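Visitor: Below are the structure tokens for one structure; questions will follow.
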Amino acid sequence: MRNALKNFYIALIFLFLYAPIATLMVLSFNASKTRAKWGGFTFKWYVQLVHNEDILRALGNTLLIALLSSIIATVIGTIACIAMNTMKKRTRTIMMGITNIPMLNADIVTGISLMLLFISFGFRFGMGTILLSHITFNIPYVILSVMPRMKQLNPSVYEAALDLGAPPVTAFFKVVFPDLTPGILSGFLMAFTMSLDDFIITHFTKGAGVDTLSTKIYTEVRKGIKPEMYALSTIIFVAVLVLLLLVNAAPDKKEGKTRI
Numbered sequence: 215m216r217n218a219l220k221n222f223y224i225a226l227i228f229l230f231l232y233a234p235i236a237t238l239m240v241l242s243f244n245a246s247k248t249r250a251k252w253g254g255f256t257f258k259w260y261v262q263l264v265h266n267e268d269i270l271r272a273l274g275n276t277l278l279i280a281l282l283s284s285i286i287a288t289v290i291g292t293i294a295c296i297a298m299n300t301m302k303k304r305t306r307t308i309m310m311g312i313t314n315i316p317m318l319n320a321d322i323v324t325g326i327s328l329m330l331l332f333i334s335f336g337f338r339f340g341m342g343t344i345l346l347s348h349i350t351f352n353i354p355y356v357i358l359s360v361m362p363r364m365k366q367l368n369p370s371v372y373e374a375a376l377d378l379g380a381p382p383v384t385a386f387f388k389v390v391f392p393d394l395t396p397g398i399l400s401g402f403l404m405a406f407t408m409s410l411d412d413f414i415i416t417h418f419t420k421g422a423g424v425d426t427l428s429t430k431i432y433t434e435v436r437k438g439i440k441p442e443m444y445a446l447s448t449i450i451f452v453a454v455l456v457l458l459l460l461v462n463a464a465p466d467k468k469e470g471k472t473r474i
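Numbering (the working numbering), first residue to last: 215 to 474.
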């Protein structure tokens with residue numbers, strides 16, 4: 215009886231989480247534009263998606279900004295972790311508290327603050343301001359992911375590499391960087407996800423004529439969401455699902471080879 219209740223509870227959670235996504239995926243194959251009735255199975259919304267320049271442009275902007283901002287934020291965040299690791303414990307604690315503030319701060323406050331900052335410096339709103347904004351709010355997430363790995367490092371290994379004649383840069387990339395790689399990749403993926411999903415900060419810093427997927431969907435909602443958006447959302451969900459399966463399958467393969 216207890217196991218049955220556990221299974222029912224788990225099934226209820228999964229139903230609550232994935233029923234909306236399943237509904238969206240079904241509607242992406244609905245031949246009727248209205249969501250109230252089923253008009254038959256079709257792929258025409260996927261075909262129209264390929265020819266919808268506005269949506270494809272927004273998708274391209276979203277992926278470009280997410281990729282560039284996550285790479286730059288990962289580099290800056292990793293360097294910041296290396297610098298903070300050399301500080302005294304009290305100073306490092308204060309610095310970590312300061313870097314955590316942007317994550318706790320409301321997005322609307324961050325968005326308005328960045329907008330006012332760009333206006334004060336006379337920046338022209340567009341892709342550049344969006345990129346700078348995404349880099350700004352992504353850096354704390356990278357630090358949060360890399361810093362725990364940094365604390366686990368044994369400084370004696372790096373010092374031993376220096377004593378054996380390795381230059382500081384070579385010693386870092388040969389000894390320290392491999393141990394930091396899991397945290398760096400985690401920070402990069404976190405930054406990429408946050409940038410991909412952001413709406414509020416992008417809305418305040420994008421300027422006229424530039425859209426990402428989130429701002430484009432917001433604009434479409436007031437006029438009625440096109441079925442092509444359902445198709446695009448389905449493609450993104452399936453792509454993320456496949457990526458997660460591949461990432462989770464990689465450790466299992468390595469573990470199997472190790473046992474052999």
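Ideal placement from N, C-alpha and C gives every residue a C-beta, glycine not left out.
Quantities reported herein were computed from a predicted structural model and do not represent experimental measurements.
#1: How would you write the range of the alpha helix (DSSP H) that Arg271 sits in, first residue to last?
#2: Looking only at its own chain, which residues have a Cβ that is under 7 Å from the Cβ of Pro369, when we skip the five neighbours before and after it?
#3: Pull up the distance between the alpha-carbon of Phe332 and that of Leu458, whole angstroms please.
#4: Figure out for me which residue from Lys430, His348, Lys420, Ile315 has the closest Cα to the Cα of Leu358.
#5: Quick check on this structure: which residue in Leu460, Ile224, Asn217, Phe418 has the alpha carbon closest to the alpha carbon of Ile326?
#6: Let's see if you can read the secondary structure: which residues bound the alpha helix (DSSP H) around Lys220?
#7: Rounded to the nearest angstrom, what separates Ile344 and Ile290 at their Cα positions?
#8: Would Ala287 and Val389 qualify as a contact pair, given that the criterion is a beta-carbon distance under 8 Å?
#9: What separation, rounded to the nearest whole angstrom, lies between the Cα atoms of Ile285 and Ala422?
#10: Ends of the alpha helix (DSSP H) at Pro381?
#11: Using 10 angstroms around the beta-carbon of Thr305, count the other beta-carbons present and answer buried if the total reaches 16, otherwise exposed.
#12: Pairing CB atoms from the stretch 246-260 with CB atoms from the stretch 430-445, are three or more of them under 8 Å?
#13: Decide if Ser246 is buried, meaning its Cβ has at least 16 other Cβ atoms within 10 Å, or exposed.
#14: Look up Phe351 in the DSSP assignment and say whether it is helix, strand or coil.
#15: Report yes or no: do three or more beta-carbon pairs, one from the stretch 428-435 and one from the stretch 388-407, lie closer than 8 Å?
#16: May I ask you to report which of helix, strand or coil DSSP gives Asn314?
#17: How about Ala320 and Leu410: are their beta carbons less than 8 Å apart?
#18: Would you kindly work out how many angstroms separate the C-alpha atoms of Gly340 and Ile349, rounded to a whole number?
#19: To the nearest whole angstrom, what separates the beta carbons of Ile414 and Ser347, a pair I think is in contact under 8 Å?
#20: State the Cα-Cα distance for the pair Ile296 and Thr407, rounded to the nearest angstrom.
#21: Look at the alpha carbon of Ile439 and the alpha carbon of Leu460, and state the distance between them as a whole number of angstroms.
Guide: According to the structure data:
#1: 267-299
#2: none
#3: 37 Å
#4: Ile315
#5: Phe418
#6: 216-241
#7: 17 Å
#8: no
#9: 26 Å
#10: Note, Pro381: premise wrong, no alpha helix (DSSP H); not H, not E.
#11: exposed
#12: yes
#13: exposed
#14: helix
#15: no
#16: helix
#17: no
#18: 15 Å
#19: Not a contact, Cβ separation roughly 10 Å.
#20: 24 Å
#21: 32 Å
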